[in-house]
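Protein chains in written order, with our numbering: chain F, 7 to 268; chain Z, 19 to 331.
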Amino acid sequence: MSSAALLAQVADPTNLWEWLNDSSQRTVTGDIPGQVWTTLWHSVLAFALAAGIAIPAAAVLAHFRKVEVLSTWLVNLGRIIPTVTIVAVLVIISLRNGYGFEPWPIVIALVLLALPPLYANTYTAVRDASPEAVGAARAMGLTEIQILRQVELPLATPLILAASRIAITQVVATEAIAALFGGTGLGQYITFGLANRDIYEVQAGAVLVAGLATSVDLVFWFVTRFLVPAPLRPAPSNRQVVRPSSPIRSRPIQTTSLGGTT
Amino acid sequence: MKTTSTSRRWRVLSLFAIIGVLALASCGDNNSDSEGSDGSTETTSASSGDAIRISSADFSEQKVLAQVYGQYLEAQGIAVDIQKPLGQREQIFAALEDDKLDLQLDYSGVAVGFLGGTPSADSQESYDALIPLLEAKDLEASEPSPATNANALVALSTWADDNGVTTISDLSGVDGPLILGSSAECAERVECLKGYLDVYDLDFELKAIDYGPPLVAALEADEVQVAQYQTTAPEIATGQIVVLEDDMGLQSAANIVPVFRSAVSTPELIKALDTMSAKITTQDLAAWNQATDVEKEDPIDVATAWLEDNGLL
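Encoded structure:
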């Protein structure tokens, strides 16, 4: 080993950048790409499960106007109980039943975290979908399920996707607590950095978690652009759909741009 | 319209009222708490011409120790005042230096490290290192107890039996890598992960877990094979886990040692402390922790019962 390499191993980093460039700092906590991947798949799995539970349930219950208060209260429990507490309890249960430290304790806790925004927004969006459109659909003879799927859900899509962005960003940012209870992921750098008073390790963990959460948010924003039906998208400022002099602020529905390049 | 806005205003007002009442209630609690402790300190310093003021760190083993020594001294005719626990070693030494406290029960090696010395795995060497460090602060220590509460590497008793492991060195014969469960502080400590890797040359991976139930649950689930724990853990008393012998002397000795201000030192006090220290064993500490932490008994009762069982009261 060259003396330069030896020196690089011995000298402690003096700033965040040196810490990130010195892989010998991560012999215990694991390399960064691996931890990014762990955090990402925990988060995506938790979000997918939460969305799979909350969106259909909220849509159906909102369409039939059932148990709004009770279900919202029930779902909100996930946010009322601190996520850290949920993970701490679930880790012990998981260990005693042979499921190990990961991934179920953290994934279940994150599902409970993601449920409230997804559920509440889907419920509100479906419930408040244009009564005129719903009435028209019913008058045309659509079944209740068709109304839900073809009228209410498309109208609710922008709000549901906005809620999804909030939910998955929260989930990614919160996944770090897994490292407090024998889990891996980006939280490792924060937990170990704090315990061993390595400020650059803590900074790196914080920057990486924030960076990943922001990246996921951006990806979701991009997805949103494609999933929202064109007529429901907010008008880009450079496209003059509405003439500034026009007193009416609503845009005509442009069927031509539905499959367009926007 | 008018009625709705009025009722909403009422609702908001009542919400604030509730928050206000809760805030006041918690303030009241704090006030009464601090007044209570202030009051008790005042009465002691006023009434105690020469009562020995004893305190401890704020965890159950320390509370029992303060009670055991305190109740015994009292039975020997030495006036004592057992005070509330004082948080951490930092606060305790500050109180000793400020003449707010006379006696505390410390752990030799840890105290040496805290006072800036180099602790040793040998209990006599640690004690010898402690004395000059205390003298500089007008403090003394009586003879250390054989009872220790050191950090220790532990494994499930069944796992240790199956793999024929009794010492830490024996672990090199077990197929690795072994997962070590410990708090994250372990990563940088010579008496923990660094020592196991460099001194014992073992193939360890660290899993960060807090002490207590998760650590034992992790051992039971075989998610970790060994764990950094304390020699007085209640699970050791029950035989669930065993301490692996530190055959290369990584851990510093941490014998119970009474530390007191030189100003209160008398031959009677030292004699009583030495008698007491000689009686306590590591098994006693573990049994006390079992009683207080698992069976949720009161430290005062645990101390009294132990003193009576040993014919010291």
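In this text, a Cβ means the ideal position worked out from N, Cα and C, and glycines have one as well.
Span of the alpha helix (DSSP H), counted from its first residue to its last, around residue i
i       : result
Q10(Z)  : Nothing can be reported for residue 10(Z): it is not among the residues displayed for chain Z, which extend from 19 to 331.
R71(Z)  : Element bounds for R71(Z): not the alpha helix (DSSP H) but the beta strand (DSSP E), I70 to S73.
T180(F) : L159 to T180
A142(F) : P137 to A145
T252(Z) : Before going on, a small fix: residue 252(Z) reads as Pro here, not Thr. Taken as a continuous stretch (DSSP letters only), the alpha helix (DSSP H) holding P252(Z) covers P252 to A255.
Q152(F) : E150 to I153
Proximal residues of chain Z, C-beta to C-beta of residue i below 9 Å
i       : result
I174(F) : Under the 9 Å cutoff, chain Z gives no residues; its nearest Cβ is about 26 Å from I174(F).
T197(F) : A202 and A226
Contact set between residue i and chain Z, taken where Cβ atoms lie within less than 7 Å
i       : result
G6(F)   : The question about residue 6(F) has no answer, for chain F in this structure spans 7 to 268.
V229(F) : Under the 7 Å cutoff, chain Z gives no residues; its nearest Cβ is about 35 Å from V229(F).
V208(F) : Here the premise fails: no neighbours, minimum Cβ distance about 12 Å.
Listed by chain order, chain F residues near residue i by CB distance under 7 Å
i       : result
I227(Z) : F187 and G188
Residue i - DSSP class collapsed to helix/strand/coil
i       : result
Q31(F)  : helix
R71(F)  : coil
E263(Z) : strand
E315(Z) : coil
L268(Z) : coil
S295(Z) : helix
G54(Z)  : At G54(Z) the pLDDT is 37, less than 50, meaning the model places this residue with poor confidence and gives no usable figure here.
K118(Z) : coil
A139(Z) : coil
T284(Z) : coil
D327(Z) : helix
F77(Z)  : coil
G58(F)  : helix
T322(Z) : helix
P39(F)  : helix
L104(Z) : coil
T20(F)  : coil
G131(Z) : helix
D146(Z) : helix
A239(Z) : coil
Q94(Z)  : coil
T59(Z)  : Residue confidence is low: T59(Z) scores 38 on pLDDT, short of 50, so the model does not pin down where it sits. Its coordinate-derived value is still stated next. Of the three classes helix, strand and coil, the one that applies to T59(Z) here is helix, per DSSP.
Q258(Z) : coil
L26(F)  : helix
Start-to-end residues for the beta strand (DSSP E) that takes in residue i
i       : result
Y125(Z) : L121 to Y125
P276(Z) : I274 to R279
Neighbour list for residue i in chain Z, Cβ cutoff strictly below 8 Å
i       : result
R102(F) : A235, E238 and A239
I98(F)  : P231, P232 and A235
N202(F) : A202, E203, A205 and E206
V106(F) : Note on identity: in this sequence residue 106(F) is Gly, with Val being the wrong assignment. Chain Z residues near G106(F): A239 and E241.
F226(F) : Going along chain Z, no residue has its Cβ under 8 Å from F226(F), so there is no contact; the nearest lies around 31 Å.
Residue(s) in a DSSP beta bridge with residue i
i       : result
A245(Z) : V172(Z) and G199(Z)
L157(Z) : R279(Z)
S99(Z)  : Looking at the sequence provided, one finds Asp at residue 99(Z) rather than Ser. Per DSSP, R71(Z).
Chain F contact residues for residue i, given Cβ-Cβ distances below 8 Å
i       : result
D315(Z) : In the sequence as displayed, the identity of residue 315(Z) is Glu instead of Asp. Per Cβ cutoff of 8 Å: no residues; E315(Z) is ~23 Å from chain F at best.
L224(Z) : V34
In chain order, each alpha helix (DSSP H) run of at least 4 residues that lies wholly inside the region 161-232 of chain Z: Correct list: 175-180 and 211-216.
Counting only runs that start and end within the region 78-126 of chain F, where is the beta strand (DSSP E) found for 3 or more residues in a row? If you keep only unbroken beta strand (DSSP E) runs of at least 3 residues inside the region 78-126 of chain F, you get nothing at all.
Can you list the alpha helix (DSSP H) stretches of 4 or more residues lying completely in the region 184-252 of chain F, in chain order? Annotation: the region 184-252 of chain F contains the following complete segments of the alpha helix (DSSP H) (minimum length 4 residues), in chain order: 193-201 and 205-233.
Interfacial residues, the region 256-290 of chain Z to chain B, with Cβ spacing under 8 Å: You won't find chain B in this structure, because its protein chains are F and Z.
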